[in-house]
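Student: Dropping the structure in here first, questions after.
Structural data, given as structure tokens:
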């Protein structure tokens, strides 16, 4: 198998496992803001170290680019990750993953409305299929809806900010390497989180071994390694194939939540998940403009 496919599969599996460690960290007494702050304190220096080792030129950005990276980090990354982590307080792992993965549909709608994208039957059907899949996943059509509306709101808001990050980076940051975008935007996100709430808990000795372990795992195995593999995979097989393989994050989240946390999954939810994945595949395979 091509290296790119292997890298992309591993990346998707690691990303899909993030929810498990977020929930485990919450269970040992840390909130989403503190967890993210600690995670970024570990991840940011590592990303800049990787840049220094492999591509020193990627450090160079103009003032205009730095301002755009600040917008991406403070507005996009901060709100996306905060809402993503908070959603795990209210919803099962697989539910958060599925709702997050509605973001390609949001990108598609934006591109159709504002970039004069061309609608056809395939795209309209994909949007309908994604909507139906979400209804089945949330068990609305079966009359067994039991999920927190607040959690659903957080997950969908997270997806909205994730869509913004994709659109903004594509339109405003094409000249910057992907790793540099991630490193600088995460740095600005860390700064904004520290301004919002300075992590005094770190200096008060409130960090247990379990909290430190889960944070390190999130920073290294659910952020640095999968991102690095993702960028490497793009070089081998291209962004389209990588984005399609990325759909593995959803079944990974489902498997992890079922076998590790014993979160139950109904048959109709599996059907709904398949519908969402198929819709995302159709959207990503079909060009937005002609």
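Residue numbers (our numbering): 718 to 1007.
For glycine and all other residues, C-beta sits at the position ideal for the given N, C-alpha and C.
#1: Where do the ends of the alpha helix (DSSP H) carrying residue 927 lie?
#2: Quick one: what does DSSP say residue 748 is sitting in, helix, strand or coil?
#3: Our contact map puts residue 730 next to residue 962 with C-beta atoms below 8 Å; I'd like the distance itself, whole angstroms only.
#4: Check whether the Cβ atoms of residue 741 and residue 941 sit closer than 8 Å, and answer yes or no.
#5: What is the C-beta distance between residue 875 and residue 814, in whole angstroms, given that I count them as a contact (C-beta under 8 Å)?
#6: Apart from the five residues on each side of it in sequence, which residues of its chain come closer than 6 Å, Cβ to Cβ, to residue 976?
#7: Could you check if residue 771 is buried or exposed, using at least 16 other CB atoms within 10 Å of its CB as the buried criterion?
#8: Exposed or buried, residue 724, counting other C-beta atoms within 10 Å across all chains shown (16 or more means buried)?
#9: Taking the straight line between their C-alpha atoms, what separation do you get for residue 974 and residue 736?
#10: Which parts of the stretch 779-821 are runs of the beta strand (DSSP E), unbroken and 3 residues or longer, counting only runs that do not cross its ends?
#11: In whole angstroms, what is the alpha-carbon distance linking residue 946 and residue 936?
#12: Which value, in whole angstroms, describes the spacing of the CA atoms of residue 810 and residue 970?
#13: Below 8 Å on the Cβ atoms is my contact criterion, and I expect residue 853 with residue 985 to pass it. Report the Cβ-Cβ distance as a whole number of Å.
Tutor: Result, derived from the coordinates:
#1: 926-936
#2: coil
#3: Between residue 962 and residue 730 the Cβ distance is about 10 Å, and since that is not below 8 Å, they are no contact.
#4: no
#5: At roughly 11 Å, the Cβ-Cβ gap does not stay under 8 Å, so residue 875 and residue 814 are not in contact.
#6: none
#7: exposed
#8: buried
#9: 8 Å
#10: none
#11: 14 Å
#12: 6 Å
#13: 5 Å
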